[in-house]
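Worksheet: the structure to be examined is printed underneath.
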Amino acid sequence: MGIMDILYLHHLKSRGICGSNEDDMKRYLMKEGHSSTETLSMIKRYNRVKDDLFDYDWRTQSIMDRIQSYGEPKSRASWETIDGRVIGLVKENKGYKVVDISDGKERLLARIEEGVNWVETDLTTNQMSYITKNARLLKEPYRGGVL
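For the sequence shown, numbering that gives the first Met the number 0 gives the first residue as 0, with consecutive numbering after it.
Right, here's the structure in full:
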């Protein structure tokens with residue numbers, strides 16, 4: 000086993016997904032399909048190094064909370080960090096909205112309907128390129144209509 004299982008367990012614990020005590024972690028890992036020997040080994044190895052592992056800062060926690068609040072079905076594209084902004088596309092009733100969640104709050108950058116309607120004008124070339132590229136990808140298979 001590599002270090003990935005320890006980092007996975009650390010992430011689960013840091014985000015409060017699997018609980019904070021050993022019994023909660025064991026229950027969660029067993030429910031996720033890990034064998035009892037894998038689970039005990041993973042927790043034992045984690046306990047040896049947990050004090051040396053990183054902590055998520057407030058900004059990172061806020062970004063992950065915001066992404067989690069959108070849920071999988073709503074998000075069209077993966078979230079990208081581009082020139083200091085965490086940008087993603089979120090499906091709306093008609094089209095998509097492009098949002099920046101770098102500070103844990105949603106800031107509307109653009110809307111994609113028939114084309115790109117820019118709301119934020121202070122974007123870098125890379126950020127605008129990402130948005131227009133995704134807008135084209137949304138339109139291509141449907142010959143001009145956004146999904």
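Note that beta-carbon positions come from the ideal geometry of N, C-alpha and C, so glycine has one too.
Which of helix, strand or coil DSSP assigns to residue i
i, result
"L11", "helix"
"L6", "helix"
"V115", "strand"
"T80", "strand"
"G1", "coil"
"L88", "strand"
"Y55", "coil"
"K73", "Because K73 sits at a pLDDT of 48, beneath the cut-off of 50, its placement in the model cannot be relied upon, and the following sentence gives the value as read from the coordinates. Helix at K73."
"K93", "coil"
Sequence-distant residues of the same chain with beta carbon closer than 8 angstroms to residue i, five excluded per side
i, result
"E161", "Limits of the chain in this structure are 0 at one end and 146 at the other, which puts residue 161 out of reach."
"G18", "K12, M24, R26, Y27"
"M41", "M0, D4, I5, L8, L28, H33"
"M63", "R14, Y55"
"R65", "I100, G103, K104, E105"
"V48", "I5"
Proximity winner among the options, relative to residue i (alpha-carbon distances)
i, options, result
"G1", "R44, V89, I62", "R44"
"I5", "K30, R65, N46", "N46"
"D50", "M63, H33, D22, H9", "H9"
"Y95", "E79, E112, K104, I16", "E112"
"L137", "S128, G114, R65", "G114"
"E79", "S128, W117, N116", "S128"
Test item: CB-CB of residue i and residue j under 7 angstroms
i, j, result
"R84", "S101", "yes"
"I86", "N125", "no"
"I130", "V97", "yes"
Cβ neighbour criterion (16 or more within 10 Å) applied to residue i
i, result
"N20", "exposed"
"N150", "The structure shown does not extend to residue 150, since the chain spans only 0 to 146, so no value can be given for it."
"P72", "Low confidence applies here, because P72 scores a pLDDT of 48, under 50, leaving its location unreliable and the question unanswered by this model."
"L122", "buried"
Sequence-distant residues of the same chain with beta carbon closer than 7 angstroms to residue i, five excluded per side
i, result
"K93", "E112"
"T38", "K25, L28, M29"
"L52", "H9"
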